[in-house]
Structures are given as structure tokens and as C-alpha cells.
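**Student:** In this text, residue positions in the sequence shown follow my numbering: the first is 1414, and each later residue adds one.
We treat Cβ as the ideally placed atom computed from N, Cα and C, and that holds for glycine.
This is the structure, below, for whatever I ask next.
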Amino acid sequence: MTIAGADQRAAWKAITIFLGILTAISAVWHFAIVGLTPVSIYVGALMWCPAIAAFLTLKVTGRKIVSLPWQIGNWRDNIQSYLIPVAYVTISYALAWIFGFGGVPDAGTVSEWSAELGLPGSPVLAAALMIALLATIQFAKSLGTIAGEEIGWRGFFIWELRKVLPFSGVALVSGIVWSAWHYPIIIKYGFGDPLFQIACFTLMITSMSVIMAYYTFRSNSLWPAVFFHGTHNIYIQKIFSPLTTPNDQTRFWIDEYGLMVPVIVTLMAIYCWRRAKAEGM
1414 MTIAGADQRA
1424 AWKAITIFLG
1434 ILTAISAVWH
1444 FAIVGLTPVS
1454 IYVGALMWCP
1464 AIAAFLTLKV
1474 TGRKIVSLPW
1484 QIGNWRDNIQ
1494 SYLIPVAYVT
1504 ISYALAWIFG
1514 FGGVPDAGTV
1524 SEWSAELGLP
1534 GSPVLAAALM
1544 IALLATIQFA
1554 KSLGTIAGEE
1564 IGWRGFFIWE
1574 LRKVLPFSGV
1584 ALVSGIVWSA
1594 WHYPIIIKYG
1604 FGDPLFQIAC
1614 FTLMITSMSV
1624 IMAYYTFRSN
1634 SLWPAVFFHG
1644 THNIYIQKIF
1654 SPLTTPNDQT
1664 RFWIDEYGLM
1674 VPVIVTLMAI
1684 YCWRRAKAEG
1694 M
């Protein structure tokens, strides 16, 4: 749903201001993470840079923060946005385990979880309880920093892009920009071939952007993207990767820098892209 004339120029101006501010303030925290110590407080500060850039852009352009899509939206969309990452992450890791790209469960992780929960003699119970707690309590705790990203990306950026680009362009541009914003950290802390990892990560993030843009526009709310992003992080970083026993092929296939998750999420993104076209987005 593009616009024309003065409104289109205003949208490009807002996009340029947003990206300029985002680059400047993110550079501070990229330096802290890459050049100092990657402590969680630096990561949390970086994750709030998109929201701060959006707020400052609104201030510069004479708009109000309340103009962002804060409403909770349709709970069906919110629930689906939680479940979709659960589905593609589960399928991806199940395939990796089936094909021998890693084992399950990782005994060290289960032992740590058992000790942390005070259940040293009940590894199965401890694993089940920890997964349930991570999927609910840890998920809820993570939403504060996740919201910092999504207020900027899906609460502001894609809505400005939508004024000047079709849906496919919005998803592609937002995905590439969102991916590139992570590159300094991937280059510094990645393992193996950085070009391969960046390629896998970019494919995954761009495909995620298709799905998140679809649910954001359909619900007229940024909250489906917050739930989606939070679930994706929890299930990969806190549940499935720790539960995987590595071998010499594991890094090539799993996690956010391996090949399996990008392939599966891309298939889901194609479905959402077709739905968006059919619904006239």
C-alpha cells in the first residue's frame, strides 16, 4: 500500500533519519560488545537502540509516540506468532538429530538443569520442568529487551517502508537491514566460516521478516512480532541448542548460523508471502 508525492518523500526522510540515528547509537554498544566484554547489559542496551531511534525520529518529524501500533491486536495472531517459531525450530532440530548432525539430549546440559532446579536425581523431570519454565517464565522475562528491537523494526521501520515499497520490498529491505545490524557481533563471536554464517543468518532473518511483517500488518500491532522474536530466541538459544550434543557436523546445521533453521523458516516464509499477496498486502 504505497503512497505518492509529498507523503512518499516524508516517508523516505523518516527512513533515512531512523537509519542514521540507529547506526550512530548502535555503534556505541557494538563497540562495547565487540571491544570490551559481551555482558548482557551491553546486549540489552543494543537491543533497545531500534526503539530509541524510532522515538527520536518521531520527535524530529513532529509525530507522537502514541502513533505507533501499540494495541494488543488479535490474540489469534499473537498465539500463532508464538507457535510458528516453536514449529520451525522443533522441525529443524528434529531433522538435525535424525540425520545425525547432533545428538540429544546433551548430558551436561541436563545435569546442569537438574542441579539448578534442585532435582539432581530426576533428570527427566528436571529437563521437562526447565523447558516449561524457559518457554513461559524466561520468555516473559525476555520481552523487555525484545520489545526494544521490535518497537523500532516492526513498530516503526516496516510501516515507513510500506509507504514506499510493496510487501515483498518491505520484507526484503527490513530483513537485510535487520541482518546487517547483527553482523559486527557475528564476525567477532561466530565460529567457522564467517561468510557461511552470515549467509545462513541473513536468509533466516529475512525469512523471519516476511512472516513478522505479515502478522504485523494483518493485526495492525507490533505485539505479534514481539512474541515471535522472543519465542525464536528462547527455543533456539535456551532450549534446543543446549540440548544438542555436538559432533563435527553440528555447527554447520544447527543454531542461528547453521543451515537447517534458515531452510525450514524460508519454507514457512514462502507460505506467508503467498498469503500476503492473496490478502492484498
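1) My output table needs one value for Thr1558: the three-state DSSP class, helix, strand or coil.
2) Does DSSP put Thr1663 in a helix, a strand or coil?
3) Determine the direct distance from the alpha carbon of Tyr1495 to that of Phe1569, and round the result to whole angstroms.
4) Starting from the C-beta of Ile1599, find all residues in its chain whose C-beta is less than 8 angstroms away, skip the five residues before and the five after it, and write them out in chain order.
5) Taking only the alpha-carbon atoms, compute the straight-line gap between Ile1492 and Thr1549 and give it to the nearest angstrom.
6) Can you tell me whether Gly1588 is helix, strand or coil according to DSSP?
7) Leaving out the 5 sequence neighbours to the left and right, which residues in its chain are closer than 6 angstroms to Trp1686 when beta-carbon positions are compared?
8) The alpha helix (DSSP H) that contains Ile1611, what's its start and end?
9) How far does the alpha helix (DSSP H) with Trp1461 in it extend, from its first residue to its last?
10) Look at Thr1629 and Asp1519 and say whether their C-beta atoms are less than 8 angstroms apart.
11) Nearest to Ile1497 by alpha carbon, out of Met1625, Ser1535, Val1523 and Lys1554?
12) Grouping DSSP H, G and I as helix and E and B as strand, with all else coil, what is His1549?
13) Only counting the same chain, and skipping five residues up and downstream in sequence, which positions put a Cβ closer than 7 angstroms to that of Ser1439?
14) Considering only the beta carbon of each residue, do Lys1651 and Gln1551 sit closer than 8 angstroms?
**Tutor:** So, from the data block:
1) One-based indexing of the sequence shown puts residue 1558 at position 145. In this structure, Thr1558 counts as helix in the three-state DSSP scheme.
2) The residue labelled residue 1663 in the question sits at position 250 within the sequence shown. Correct three-state label for Thr1663: helix.
3) Here residue 1569 is taken as the residue at index 156 of the sequence shown, counted from 1. Here residue 1495 is taken as the residue at index 82 of the sequence shown, counted from 1. In a straight line, the C-alpha of Phe1569 is about 21 angstroms away from that of Tyr1495.
4) Sequence index remark: in the sequence shown, residue 1599 carries index 186 (1-based). Within the same chain, Ile1599 has close Cβ partners Pro1607, Gln1610, Ile1611, Phe1614 and Tyr1670.
5) Taking the first residue of the sequence shown as 1, we reach residue 1492 at position 79. Taking the first residue of the sequence shown as 1, we reach residue 1549 at position 136. Those two C-alpha atoms are separated by around 13 angstroms.
6) Position 175 of the sequence shown, counting from 1, holds the residue named residue 1588. Residue state, collapsed to three classes: helix.
7) Taking the sequence shown and counting its residues from 1, the one referred to as residue 1686 is at position 273. Once the five neighbours on either side are set aside, the close Cβ partners of Trp1686 are Val1623.
8) Counting from one through the sequence shown, the residue named residue 1611 turns up at place 198. Residues Pro1607 to Ser1632.
9) Residue numbering aside, residue 1461 sits at position 48 when the sequence shown is read from its first letter. First-last for Trp1461: undefined, no H or E at that position.
10) Reading the sequence shown from its first residue, position 216 is the one you call residue 1629. Reading the sequence shown from its first residue, position 106 is the one you call residue 1519. Taking a C-beta distance under 8 angstroms as the contact criterion, Thr1629 and Asp1519 do not qualify as a contact pair.
11) By 1-based counting over the sequence shown, the position of residue 1497 is 84. It is Met1625.
12) Counting from 1 along the sequence shown, the entry for residue 1549 is found at position 136. Correcting the residue type first, residue 1549 is Thr in the shown sequence and not His. Helix.
13) Translated into the one-based positions of the sequence shown, residue 1439 becomes position 26. Only Leu1459, Cys1462 and Trp1594 meet the Cβ criterion.
14) Along the sequence shown, read from residue 1 onward, the residue named residue 1651 stands at position 238. Along the sequence shown, read from residue 1 onward, the residue named residue 1551 stands at position 138. Result yes, Cβ atoms of Lys1651 and Gln1551 sit closer than 8 angstroms.
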